[in-house]
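First residue of the sequence shown: 1, per the UniProt record's numbering; consecutive thereafter.
Glycine included, every Cβ here is placed at the ideal spot set by N, Cα and C.
From a predicted model like this one, the values you see are computed outputs, not experimental measurements.
One structure below.
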Amino acid sequence: MISIVTPVYNGEQFIESCLQTVIAQECDEIEHLIIDGGSTDSTVSIIQKYANCYSHIRWISEPDRGQSDAMNKGIQLAKGNVLTFLNVDDYYELDTLNQVNQRFKTLPEPSFIVGNCRIWNDHGEVIDINKPSKLRLFDLVLGLNINPYPCNPCAYFYHRSLHERVGHYAIEDHYSMDLDFILRVVQVAHVYYVDEIWGNYRRIAGTKTFIDMESGECDRRVRQILRKYRQHLTPVEQFQWYIWKIWHQCRTIVFSALRLCFRTIKRFFRR
């Protein structure tokens with residue numbers, strides 16, 4: 001069974017569509033855990049209405065210490081052997097949960113399986129499709145501009161037993177807990193990439209993540225995490241990373257020099 005955990009606080013704008021996207025999956029082997037942080041809007045009343053009609057919905061509402069704390073509460077309450085997280089403003093492609101359930105019936109434990117994720121803007125336009133096809137620790141620590149990591153948890157699923165190996169989400173981290181968790185997971189799990197779109201992620205102006213990205217704090221924090229996990233590479237991998245870094249820097253210098261030469265030549269012939 002898949003346990004879908006949704007942390008929410010004052011999410012009345014999206015909570016109904018979040019509940020509906022799981023219902024629309026028409027998957028019997030699921031539970032949907034709503035971990036509400038003590039909302040003061042109509043979020044709880046909407047959850048109650050749906051929970052009274054659908055037995056797969058379970059929920060709690062109480063103050064918490066932020067998103068990571070809510071996620072950890074969901075892990076503790078989960079009854080399924082497979083976990084995923086669905087943020088209140090994100091949604092699945094149709095039939096994703098049935099497909100994932102079937103795949104986990106033959107996967108060794110613990111496994112971590114990742115699909116693709118569409119990224120949408122405020123205007124209902126697809127601005128990118130996240131395709132994290134390279135998921136070794138070495139590949140990921142090269143940098144997100146080289147090999148993207150899974151950008152949203154609605155497109156990845158894993159055995160709950162992984163938390164016994166790598167621990168829970170860091171409560172003090174309110175922004176990069178997903179990346180930190182993934183970098184721990186890929187070191188111990190059976191990791192699989194499936195080239196299918198499973199999730200849809202709304203990157204909405206004004207949200208915590210959007211503001212963090214716009215400010216540049218997200219990039220700084222990601223670089224810091226990648227530096228930390230480069231220390232987990234084997235000596236051979238660290239040597240490979242060092243060689244790759246030198247090659248990448250040299251290539252950047254050469255390309256910059258070539259662009260400067262072309263601009264100089266163009267100016268010369270315009271005279």
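Query raised in the report: Closest to PRO63 by CA distance: which of ILE57, GLY38, ASN52 is it?
Result: GLY38
Query raised in the report: So, is GLN67 buried or exposed, given that buried needs 16 or more other C-beta atoms within 10 angstroms?
Result: buried
Report task. Take every Cβ of the stretch 69-88, pair it with every Cβ of the stretch 156-168, and state whether three or more of those distances are shorter than 8 Å. Result -> yes
Query raised in the report: How long is the line joining the alpha carbons of ILE204 and TRP120, rounded to whole angstroms?
Result: 8 Å
Report task. Could you check if GLU93 is buried or exposed, using at least 16 other CB atoms within 10 Å of its CB as the buried criterion? Result -> buried
Requested in this report: Kindly provide the ranges of any alpha helix (DSSP H) runs that are 4 or more residues long and lie completely inside the stretch 153-190, ordered along the chain.
Outcome: 162-166, 177-185
Query raised in the report: Can you list, in chain order, the residues of its chain whose CB lies under 6 Å from that of ARG165, leaving out five sequence neighbours each side?
Result: VAL188
Query - Simplified DSSP assignment, three categories, for ARG136 - result: coil
Query raised in the report: Once you ignore the five residues that flank VAL44 on each side, which residues in its own chain have a CB closer than 7 Å to its CB?
Result: ASP36, SER61
Query raised in the report: Do the CB positions of ASN141 and PHE85 come within less than 8 Å of each other?
Result: Here residue 141 turns out to be Val, not Asn, going by the sequence shown. No; because the gap between Cβ atoms is not below 8 Å, this pair is not in contact.
Query - Minimum C-alpha distance to ASP128 - residue among GLU172, CYS117, LEU137 - result: CYS117
Query raised in the report: Rounded C-beta distance between GLY143 and LEU226? I'm assuming under 8 Å.
Result: 7 Å
**Report entry** Endpoints, beta strand (DSSP E) assigned at GLY115
**Finding:** 111-120
Query raised in the report: Would you say VAL114 and LEU83 are within 8 Å of each other, going by their C-beta atoms?
Result: no
Query raised in the report: Relative to the alpha-carbon of ILE104, which residue among CYS154, GLU29, TYR50 has its alpha-carbon at the smallest distance?
Result: For the record, residue 104 in the displayed sequence is Phe; it is not Ile. Selected option, being the one with the closest Cα: GLU29.
Query raised in the report: Taking 7 Å as the line, does the beta carbon of PRO132 fall inside it for any heavy atom of the ligand HEM?
Result: You won't find the ligand HEM in this model; it holds no ligand whatsoever.
**Report entry** Residue span of the alpha helix (DSSP H) that contains ARG223, given as start and end
**Finding:** 217-230
Query raised in the report: From LYS49 to ILE171, what does the alpha carbon distance come to, in whole angstroms?
Result: 30 Å
Query raised in the report: What residue range is occupied by the uninterrupted beta strand (DSSP E) comprising ILE46?
Result: Where ILE46 is concerned, there is no enclosing beta strand (DSSP E), although the alpha helix (DSSP H) it sits in stretches over 43-51.
**Report entry** For THR33, the first and last residue of its enclosing beta strand (DSSP E)
**Finding:** Looking at the sequence provided, one finds Leu at residue 33 rather than Thr. 30-36 is the span of the beta strand (DSSP E), which, as asked, contains LEU33.
Report task. Whole angstroms is fine: what's the gap from PHE138's alpha carbon to THR21's? Result -> 35 Å
**Report entry** Continuous alpha helix (DSSP H) stretch holding SER68: start and end
**Finding:** 67-77
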